[in-house]
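Only one structure is covered here, and it is reproduced in the block below.
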Amino acid sequence: MSNKFKLNTLALSLIAASSVSGLAHAEQTYIVKMNNGIQAQTQQVNTQAQHAINDVMSQNIVDTLVSNVAEQVVTMTLTKEQVALMNASGQFAYIEEDFEYTPFSTSQTSPYGIAQVQANLVSDTNVDQIKVCIIDSGYDLGHPDLPQNATGFADAAVGLWYKDGSGHGTHVAGSIAAINNSVGVVGVLPSDKVGIHSVRVFDDEGKQGLNSRIGRAVDNCVENGAKVINMSLGGASKSQYLEGRLNAAYDKGVLIIAAAGNGGDATLSYPASYDSVVSVANIDKDRNKNVSSQYNAQVEISGPGTDVLSTVPRGTGVVAGVTVSGGSAFSASGMTHSVEGKLTAELADCGQALTTCTAPAKICLIERGGATFASKALNCQAGGGIAALVYNNAAGSFGGTLGDNANHGVTIPVLALTQATGNSLKPYLSQQVTAQLESISDYDVKSGTSMASPHVAGVAALVWSNHTQCTNVEIRNALNATAVDLGTAGRNHQFGYGLVQAKAATDYLTQNGCAGSAQNQAPIAQFDTQCTALSCSFDASSSRDTDGQITQFDWNIAGQVATGSTTSYTFAQAGTYAIELTVTDNEGAVASFNKSITVADGGVVAGCDGIEAWSASKTYSKTGTLVSYNGKKYSNNWWHSNKNPEQNSNVGNNWKVWTDLGVCK
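Those letters in the sequence shown? Residues -26 to -1, 1 to 639, by mature numbering (1 follows the signal peptide of the UniProt record, and there is no 0).
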């Protein structure tokens, strides 16, 4: 070990002065580099200082890192006082703490949803008595964090059941059954005891999920002994065939769980909206409904489905982020259809990149807004940029795409950042940063009702494994009776009965037996409206009661009362009116549903002079825009283009893209 470190007289004096008192304080290890621009002046050192520095140099140097003509770098144990005095001497290029890095953890993580549904509070020791069937895109058999005793089935047209081209099914499986094995993540059922049966119904592109194929998958689940079926899939159309297969499975004692849908609207999605299926909404870690989660009368319960970390086929999980000098790392997400890469270069500020940004061999920092993501990336690329970091122009994260497919012309990696991350990177402009977007992990984060559904399926299996004497209907009732009430009091269209709870449901069945407390479930009220001019008909036949029947329908139509499952009313004049339906079930429980409707008289209206004629080539984005067409006036209800008003309107309401306001004078 070499400890030859040349110091001038001032430095020696400073160290000598602090060598006794300073060493009484706590020491830390520092990396010290000599400033070669300062020439040594050892001949002027007095005896006391020389002895002191000799002591420090002989006792405090831990190791020599670099020793040559160009530079000398060592590690030393020093007090803070000694560091301050040495820095003041001007003899050192730097003195920095030899701080400790830790490896990026390969330890196990419990995703937030596990605790949120109380899965960590209930033992799954007996879950080997329950089989869960996953109807999805396949299962990565061999994944180190998933059960290996899984079975499965797939039609030849979609591929092997134990392969997963899209990663969707494997992500779902991880939320249900990722193993408690010290690595990766854990699922709701982590003991590696649950029986998993995977039926693949999608090909590698997520297609060919035919109704017939899914119906056969349900039968296959039943034939292979499944007690719980998870279906993180859906569509807008009903099917008598599929509904029949689901009803048959339910009648045989199978509990069926499905995703409510990600349309962000009140439409019904199937299979979730069949009565034999539990429809699951998506909530985030703060128990807020995700804006994309569909809401309707069929939504029955909620589960964690936003930013869920789970398993994906090995080596396909996306690692995305930005690392800056000093080692600080910022998370990111990859733009859909972006190329991958890991690049280190100088960071350049490109503003919104609305024109070519000159950034030769640099990484572009770009603010969202003003142009498509692909255009921004191309403007970075045109200026020589090798990667693009697009940060949000509002608080929070966002998902972006470069186009509907990979034919967008962008050949550099493009990452999406939060606004906070973008602002945090600005101090590093003109410095070296590393942008990474690579599919190399066995885990990934996904969001959607597809991610919420398996949490509920896992909880159903967990609760059932502790009360195997109960039926599927009794388990379903217990989950609903013990869910954490969210949103407006009682069952509602956004959350159903609320957030599913494993321990609460288990304790409920322990205390009350499989029949539970026999508490009557409230009915569900809803109605449809059809208007012609000022006359409207109202139909409440879609209202229902899950544990009985509705015996009374009461209407309040603009202050006028009526009864019966259907009724009609003619308004005196055009306008917007409040309609309320109240239903009562056979045990006296009530539920109400309210909505407003707008009616027009459909007759002669103010003239069309001065109102722009409708154009098939124009996009109508502003609500309330007026147009004329074939002597009639129409009002726009939402964004659209090339929607003929005559063919795409209803009189007196906004169900269609246009509202017919009547004949012009």
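For every residue, glycine included, the Cβ atom is placed at its ideal position computed from N, Cα and C. Just so you know, these numbers come straight off a predicted model, no measurement behind them.
| field | Residues near Glu179 in its chain [Cβ-Cβ closer than 8 angstroms; skip 5 each side] | value | Here residue 179 refers to the residue found at position 205 when the sequence shown is read from its first residue. For Glu179, where only same-chain residues beyond five positions count, the Cβ hits under 8 angstroms are Gly139 and Ser140.
| said: Determine whether the beta carbon atoms of Gly300 and Gln268 lie at a separation below 8 angstroms. | reply: The residue you call residue 300 lines up with position 326 of the sequence shown. The residue you call residue 268 lines up with position 294 of the sequence shown. Not in contact: Gly300 and Gln268 (Cβ atoms no closer than 8 angstroms).
| task | Within the region 341 to 380, note down every full beta strand (DSSP E) run reaching 3 residues or more, in order along the chain. | result | 361 to 365
| task | Give me the Cβ distance between Phe501 and Asp513, rounded to the nearest whole Å; I'm assuming they're in contact under 8 angstroms. | result | By one-based count along the sequence shown, residue 501 stands at place 527. By one-based count along the sequence shown, residue 513 stands at place 539. Contact flag correct, Cβ pair sits at about 6 angstroms.
| message | Comparing C-alpha positions only, which one of Ser284, Ser206, Thr38 and Ser539 sits nearest to Ile524? | response | The count along the sequence shown starts at 1 and reaches residue 524 at position 550. It is Ser539 whose Cα lies nearest to the Cα of Ile524.
| task | Would you give the residue range spanned by the alpha helix (DSSP H) that Val196 belongs to? | result | Taking the sequence shown and counting its residues from 1, the one referred to as residue 196 is at position 222. It spans Asn185 to Glu197 - the alpha helix (DSSP H) in which Val196 sits, taken as one unbroken run.
| said: Can you look up Tyr75 in the DSSP assignment and give me helix, strand or coil? | reply: Locating residue 75 in the sequence shown gives position 101, where the first residue counts as 1. The pLDDT assigned to Tyr75 is 47, lower than 50, so where the model puts this residue is not dependable; a value taken from the coordinates is nonetheless given after this. Annotated three-state conformation of Tyr75 is coil, per DSSP.
| Residues near Asp281 by beta carbon distance below 6 angstroms, same chain, minus five either side | Looking up residue 281 in the sequence shown gives position 307. Contacts found: Val419 and Ser421.
| query | Ends of the alpha helix (DSSP H) at Met60? | reply | Here residue 60 refers to the residue found at position 86 of the sequence shown. In the DSSP assignment, Met60 falls within the alpha helix (DSSP H) that extends over Lys54 to Ser63.
| request: For the beta strand (DSSP E) containing Ser602, list its first residue and its last residue. | output: Locating residue 602 in the sequence shown gives position 628, where the first residue counts as 1. Looking at the DSSP string, the run of the beta strand (DSSP E) that includes Ser602 is Leu600 to Tyr603.
| field | Runs of alpha helix (DSSP H) wholly within the region 140 to 175 (minimum 4 residues, chain order) | value | 142 to 151
| Across which residues does DSSP place Tyr68 in a beta bridge pair? | Within the sequence shown, the letter at position 94 stands for residue 68. For Tyr68, DSSP records a beta bridge to Lys7.
| If you draw a straight line from the alpha carbon of Tyr248 to that of Thr503, how long is it in whole angstroms? | In the sequence shown, counting from the first residue as 1, residue 248 sits at position 274. In the sequence shown, counting from the first residue as 1, residue 503 sits at position 529. Each residue's Cα considered, the two are about 22 angstroms apart.
| said: Just verifying my parser: in three-state terms, what is the DSSP assignment at Arg261? | reply: Locating residue 261 in the sequence shown gives position 287, where the first residue counts as 1. Coil, per DSSP.
| task | To the nearest angstrom, report how far apart Gln405 and Thr385 are at their CA atoms. | result | Taking the sequence shown and counting its residues from 1, the one referred to as residue 405 is at position 431. Taking the sequence shown and counting its residues from 1, the one referred to as residue 385 is at position 411. If I take the Cα positions, the gap works out to 23 angstroms.
| Delimiting residues of the beta strand (DSSP E) encompassing Pro121 | Taking the first residue of the sequence shown as position 1, residue 121 is located at position 147. No beta strand (DSSP E) contains Pro121, which DSSP labels as neither H nor E.
| task | Check whether the Cβ atoms of Tyr417 and Leu283 lie closer than 8 angstroms to each other. | result | Along the sequence shown, one-based indexing puts residue 417 at 443. Along the sequence shown, one-based indexing puts residue 283 at 309. In contact: Tyr417 and Leu283 (Cβ atoms closer than 8 angstroms).
| field | Strand pairing of Phe127, partner residues [DSSP] | value | As a working note, residue 127 is residue 153 in the sequence shown. Val173, per the DSSP bridge assignment.
| said: I'd like to know whether the C-beta atoms of Gly208 and Ser243 end up nearer to each other than 8 angstroms. | reply: Counted from its first residue, the sequence shown places residue 208 at position 234. Counted from its first residue, the sequence shown places residue 243 at position 269. One thing to note: Gly208 has its Cβ within 8 angstroms of the Cβ of Ser243.
| query | Near Gln272, which residues of its chain fall below 7 angstroms by C-beta distance, leaving aside the five closest residues on each side in sequence? | reply | Taking the sequence shown and counting its residues from 1, one reaches residue 272 at position 298. Closer than 7 angstroms at Cβ, skipping near neighbours: Leu242, Ala246, Ser247 and Ser253.
| said: Using a 10 Å radius around the Cβ and a threshold of 16 neighbouring Cβ atoms, would you call Leu114 buried or exposed? | reply: Within the sequence shown, numbered from 1, the residue matching residue 114 stands at position 140. Per the sequence shown, residue 114 should be read as Asp rather than Leu. Asp114 is buried by the Cβ-count criterion.
| field | Contact belief for Ala499 with Ala565 at Cβ below 8 angstroms, rounded distance in angstroms | value | Your numbering for residue 499 matches position 525 in the sequence shown. Your numbering for residue 565 matches position 591 in the sequence shown. Confirmed, Cβ separation roughly 4 angstroms.
| Stretch pair the region 314 to 325 + the region 447 to 464: three plus CB contacts closer than 8 angstroms | The region 314 to 325 vs the region 447 to 464: no contact.
| said: Under DSSP, the beta strand (DSSP E) around Leu555 begins and ends at which residues? | reply: Counting from one through the sequence shown, the residue named residue 555 turns up at place 581. Residues Gly549 to Asp559.
| said: Checking the sheet assignment: what are the DSSP bridge partners for Gln2? | reply: In the sequence shown, counting from the first residue as 1, residue 2 sits at position 28. Beta-bridge pairing links Gln2 to Leu52.
| query | So is Gly374 buried or exposed if we call it buried at 16+ other beta carbons inside 10 Å? | reply | As a position in the sequence shown, residue 374 is number 400, starting the count at 1. Buried, since its Cβ has 16 or more Cβ neighbours within 10 Å.
| Bridge partners of Asp37, per DSSP? | Locating residue 37 in the sequence shown gives position 63, counting from the first residue. Answer is Thr49.
| query | First and last residue of the beta strand (DSSP E) that includes Asn440? | reply | Counted from its first residue, the sequence shown places residue 440 at position 466. Per DSSP, Asn440 belongs to no beta strand (DSSP E) and is neither H nor E.
| field | Beta-carbon proximity list for Ile571, same chain, < 8 angstroms, skipping 5 on both sides | value | Translated into the one-based positions of the sequence shown, residue 571 becomes position 597. Counting only Cβ-Cβ distances below 8 angstroms, and skipping sequence neighbours, we find Thr503, Cys505, Cys510, Thr550, Tyr551, Ile553, Gly626 and Asn627.
| Segment contact flag, the region 158 to 169 with the region 290 to 309, C-beta cutoff 8 angstroms, min 3 pairs | no
| Based on the DSSP secondary-structure assignment, which residues constitute the bridge partners of Gly636? | Reading the sequence shown from its first residue, position 662 is the one you call residue 636. Looking at the DSSP assignment, Gly636 forms a beta bridge with Lys607.
| request: Spatial neighbours of Cys107 within its chain, please: CB distance less than 6 angstroms, with the 5 preceding and 5 following residues excluded, ordered by chain position. | output: Numbered from its first residue, the sequence shown carries residue 107 at position 133. Hits under 6 angstroms: His171, Cys195, Ala200 and Ile203.
| query | If you pair each beta-carbon of the region 467 to 480 with each one of the region 121 to 135, do three or more pairs fall below 8 angstroms? | reply | no
| Closest to Gly584 by CA distance: which of Asn568, Ser602 and Ala574 is it? | Locating residue 584 in the sequence shown gives position 610, where the first residue counts as 1. Nearest option by C-alpha distance: Ser602.
| task | Give the secondary structure of His614 by DSSP, where H, G and I count as helix, E and B as strand, and everything else as coil. | result | Locating residue 614 in the sequence shown gives position 640, counting from the first residue. Looking at His614 - three-state DSSP - the assignment turns out to be strand.
| query | Of the choices Ala44, Ser63 and Pro164, whose alpha-carbon is the least far from that of Val101? | reply | By 1-based counting over the sequence shown, the position of residue 101 is 127. Residue Pro164 is the option with its Cα nearest to Val101.
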